[in-house]
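In our numbering, the protein residues as written are 129 to 271. For every residue, glycine included, the Cβ atom is placed at its ideal position computed from N, Cα and C. It should be emphasised that the depicted structure is a prediction, and the values quoted were computed from it without experimental measurement.
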């Protein structure tokens with residue numbers, strides 16, 4: 129339900145920032161609640177007792193729902209959205225993009241004179257954390 133599809137006519141950029149550009153009906157949004165409603169029936173009760181889905185934060189639940197919906201392919205009600213997402217998102221702590229992030233940090237330090245001391249270590253910490261989270265989710269809920 130809900131009134132979706134509202135798009136405002138062209139307006140000067142100064143007024144658009146405060147206006148609603150698109151209304152997305154709640155029943156098609158990916159939320160913590162939609163993730164739980166999709167994932168709970170897929171995870172065996174024994175696994176849910178050991179590692180309750182409800183204890184996961186919103187980001188972890190949405191990652192799991194997106195992975196599930198991507199796996200469903202054209203059978204997913206979210207296929208159009210999911211297929212529009214990059215398969216290799218440009219994330220600074222992603223192994224495939226880390227050198228670009230490090231180069232950007234170096235440029236910020238050299239060209240703009242910013243104090244970037246410690247930034248590379250923060251990227252490494254974020255990458256380690258993301259890897260630990262992915263490993264834990266895979267261990268707890270993976271096939």
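From the options, residue whose alpha carbon lies closest to that of residue i
{"i": "residue 216", "options": "209, 225, 208", "result": "225"}
{"i": "residue 221", "options": "243, 247, 208, 213", "result": "247"}
Presumed contact (8 angstroms Cβ cut-off) between residue i and residue j, rounded CB distance
{"i": "residue 196", "j": "residue 164", "result": "With a Cβ gap of about 12 angstroms, residue 196 and residue 164 do not count as contacting."}
{"i": "residue 210", "j": "residue 194", "result": "6 angstroms"}
{"i": "residue 179", "j": "residue 259", "result": "That pair is no contact at about 18 angstroms."}
{"i": "residue 181", "j": "residue 171", "result": "6 angstroms"}
Neighbourhood of residue i by C-beta, 7 angstroms cutoff - its chain only, sequence neighbours within 5 removed
{"i": "residue 198", "result": "210"}
Residue i, enclosing alpha helix (DSSP H) - first and last residue
{"i": "residue 193", "result": "186-200"}
{"i": "residue 233", "result": "226-240"}
8 angstroms CB neighbourhood of residue i in its chain, flanking five on each side removed
{"i": "residue 189", "result": "160, 163, 164, 167, 181"}
{"i": "residue 176", "result": "168"}
Residues near residue i in its chain [Cβ-Cβ closer than 6 angstroms; skip 5 each side]
{"i": "residue 253", "result": "none"}
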